[in-house]
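Colleague:
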């Protein structure tokens, strides 16, 4: 199980929900299941409307992250991540600060999602 904490000026207070690790649900699916007011349009990783900041809330090294090709393209075009951050994610397991909620699969680690 992973604790996913959502925070935003659009919410009255932060909300932490549990996500089952390994069930392949995206962060967007978790947000929708708990009525989190996260923006989204295409749900397919092409528009970038569901971009969120994701931080790891543990002292452990983060799990290796797989950015989808859509995420790389959309987030880079929007100026949210750099080519170096993409390379670091792929070669050093250093998570980039921004992800697309519709593409990010929740893993077995506690995260903070800011939008």
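Residue numbers (the working numbering): 44 to 158. Glycine included, every Cβ here is placed at the ideal spot set by N, Cα and C.
1) Where does residue 142 fall in DSSP's three states?
2) If you drop the 5 nearest sequence neighbours on each side, which residues of the same chain put their C-beta closer than 7 Å to that of residue 92?
3) Which runs of the beta strand (DSSP E) at least 3 residues long sit entirely within the segment 53-97? Give them in chain order.
4) In whole angstroms, give me the CA-to-CA distance for residue 140 and residue 152.
5) Among 117, 58 and 61, which has the Cα closest to the Cα of residue 87?
6) Out of 100, 133 and 122, state which residue places its alpha-carbon closest to the alpha-carbon of residue 49.
7) Leaving aside the five residues before and after residue 90 along the sequence, list all residues of the same chain whose C-beta is less than 6 Å from its C-beta, in chain order.
Modeller: Reading from the atomic positions:
1) Three-state result, residue 142: strand.
2) Cβ neighbours of residue 92 beyond the five flanking positions: 82, 83 and 84.
3) Every unbroken stretch of the beta strand (DSSP E) spanning 3 or more residues and falling wholly within the segment 53-97 is given here in chain order: 58-62.
4) In this structure, the alpha-carbon of residue 140 lies about 16 Å from that of residue 152.
5) Considering only alpha carbons, the answer is 117.
6) It is 100.
7) Cβ contact annotation for residue 90 (same chain, cutoff 6 Å, sequence separation greater than five): 84, in chain order.
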